[in-house]
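For the sequence shown, full-length UniProt numbering assigns the number 404 to the last residue and increments by one with no breaks.
Below is one structure, written out as structure tokens, with a few remarks after it.
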Amino acid sequence: TKNWELSGKTVLITAGPTREKIDPIRFLTNHSTGKMGYAIAEEAVRMGAKVILVSGPVSLAPPKGAELIEVESAEEMYRAALEYFAKADALIGTAAVADYRPKYIQKDKMKKKEGEQALELERTKDILFELGKRKEAHQVIVGFAAETTEIEKHAIGKLARKNADLIIANDVKQKGAGFGVDTNIVTIYKKDGSKLELPLMAKTEVARRILSEVSLLLKRDDSL
Ligand code: PMT
Numbered sequence: 181t182k183n184w185e186l187s188g189k190t191v192l193i194t195a196g197p198t199r200e201k202i203d204p205i206r207f208l209t210n211h212s213t214g215k216m217g218y219a220i221a222e223e224a225v226r227m228g229a230k231v232i233l234v235s236g237p238v239s240l241a242p243p244k245g246a247e248l249i250e251v252e253s254a255e256e257m258y259r260a261a262l263e264y265f266a267k268a269d270a271l272i273g274t275a276a277v278a279d280y281r282p283k284y285i286q287k288d289k290m291k292k293k294e295g296e297q298a299l300e301l302e303r304t305k306d307i308l309f310e311l312g313k314r315k316e317a318h319q320v321i322v323g324f325a326a327e328t329t330e331i332e333k334h335a336i337g338k339l340a341r342k343n344a345d346l347i348i349a350n351d352v353k354q355k356g357a358g359f360g361v362d363t364n365i366v367t368i369y370k371k372d373g374s375k376l377e378l379p380l381m382a383k384t385e386v387a388r389r390i391l392s393e394v395s396l397l398l399k400r401d402d403s404l
């Protein structure tokens with residue numbers, strides 16, 4: 181059943197990992213399964229939003245009622261997100277985007293040879309940072325922070341650097357949190373300096389909490 185809290189709003193979500201090609205056989209990636217992002221997409225649909233889900237390769241069923249844009253690399257995810265951002269009221273970046281990609285993609289399979297093999301990497305675009313620069317007053321940006329050390333310091337840093345309204349920090353070393361599991365343990369850091377520490381809960385419930393914060397921020401903008 182819908183509760184229409186986000187009706188009339190467009191929510192753009194990035195989810196899953198990215199794949200950065202090394203050669204026709206191999207790529208660099210990470211442990212993201214898309215569960216957190218897909219849970220947010222499903223919940224946003226339930227709250228009445230128009231949902232655009234830009235997803236890296238995952239094995240989840242497409243959320244009903246959302247528009248799914250499938251991408252592979254960080255660059256493709258950036259382009260898709262940029263295309264839809266102007267029409268979005270909120271951007272929620274749950275994707276685990278590669279920070280580096282191989283500087284050269286080998287046209288043919290790299291053959292093994294004696295000794296060590298170095299792989300030269302270059303930075304990818306930071307999607308949240310790039311869209312943060314284009315953010316308009318009515319738009320809300322939510323980032324995630326997947327950390328293993330100094331969570332609060334990194335989360336607060338990301339809030340400022342990425343021009344985000346909320347950062348959802350998860351300590352991915354904690355049991356029941358982060359990659360792959362159906363639950364998460366998050367702290368929501370807000371721009372006003374306050375934070376909301378949530379206990380272990382299902383990703384669907386985490387999604388609900390994040391989206392109700394987003395809906396409050398969007399309502400505040402509507403009444404300006
Ligand atoms: O997919 P699951 O298996 O359910 O796992 C969920 C999760 C652990 C992936 C999720 O909860 C999470 O923490 N997502 C963010 C992962 C991440 O890459 O965090 P980060 O701290 O490196 O990045 C910070 C923020 O910038 C994120 O919102 C990220 O989407 C964004 N980013 C990062 C790099 C980049 N090049 N572009 C980005 O937009």
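Glycine included, each C-beta is placed from N, C-alpha and C at the ideal position.
| task | Use the C-beta contact count for GLN354: other C-beta atoms within 10 angstroms, 16 or more gives buried, fewer gives exposed. | result | Classification for GLN354: exposed.
Next item on the list: With hydrogens ignored, establish whether the beta-carbon of ASP269 is closer than 7 Å to any heavy atom of ligand 1.
Entry: Not so, every heavy atom of ligand 1 lies at least 7 Å from the Cβ.
For this session: Consult DSSP for TYR280 and reduce its assignment to one of helix, strand or coil.
Result: DSSP places TYR280 in strand when its eight states are reduced to three.
> How many angstroms separate the CA atom of LEU308 from the CA atom of ALA382?
Replying inline: Spanning the two alpha carbons is a distance of roughly 25 Å.
Should LEU208 and ALA278 be called a contact, given that it needs their Cβ atoms to be closer than 8 Å? For LEU208 and ALA278, yes; Cβs fall inside 8 Å.
Consult DSSP for SER392 and reduce its assignment to one of helix, strand or coil.
-> SER392 sits in a helix when the DSSP states are folded into three classes.
Terminal residues of the continuous alpha helix (DSSP H) containing ARG206? That residue, ARG206, is in no alpha helix (DSSP H); it is neither H nor E in DSSP.
Leaving out five residues before and five after THR274 in sequence, what residues of the same chain have Cβ atoms less than 7 Å from its Cβ?
-> Same-chain partners within the cutoff: ILE193, THR194, ALA195, MET216, GLY217, ILE220 and PHE324.
- Mind checking whether GLU393 and ILE368 have CB atoms under 8 Å apart? Yes; because the gap between Cβ atoms is below 8 Å, this pair is in contact.
Q) Quick one: Cα of GLU302 to Cα of GLU250, how far? A) Answer to the nearest angstrom: the Cα atoms are 23 Å apart.
Could you tell me which uninterrupted alpha helix (DSSP H) segments, each at least 4 residues in length, are contained entirely in the region 264-317, listed from first to last along the chain?
The alpha helix (DSSP H) runs of length 4 or more contained entirely in the region 264-317 are, from start to end of the chain, 307-314.
- Query: Contact check, LEU391 vs GLU223 under 8 Å by CB: the rounded distance?
  - Reply: Contact check for LEU391 and GLU223: beta-carbon distance about 6 Å, within the 8 Å limit, so the pair qualifies.
Can you give me the C-alpha to C-alpha distance between ARG400 and THR363, rounded to a whole angstrom? Cα-Cα distance, rounded: 30 Å.
Notebook entry, point to check: When DSSP builds the beta bridges, which residues end up paired with SER235?
Noted result: SER235 pairs with ALA195 and GLU250.
Original post:
With burial defined as no fewer than 16 other Cβ atoms inside 10 Å of the residue's Cβ, what is the status of TYR284: buried or exposed?
Top reply: By the neighbour-count rule (16 or more Cβ atoms within 10 Å), TYR284 is not buried but exposed.
### Query
Residue ranges of each beta strand (DSSP E) run of no fewer than 3 residues wholly in the region 358-391, ordered along the chain?
Runs of the beta strand (DSSP E) inside the region 358-391: 366-370 and 375-377.
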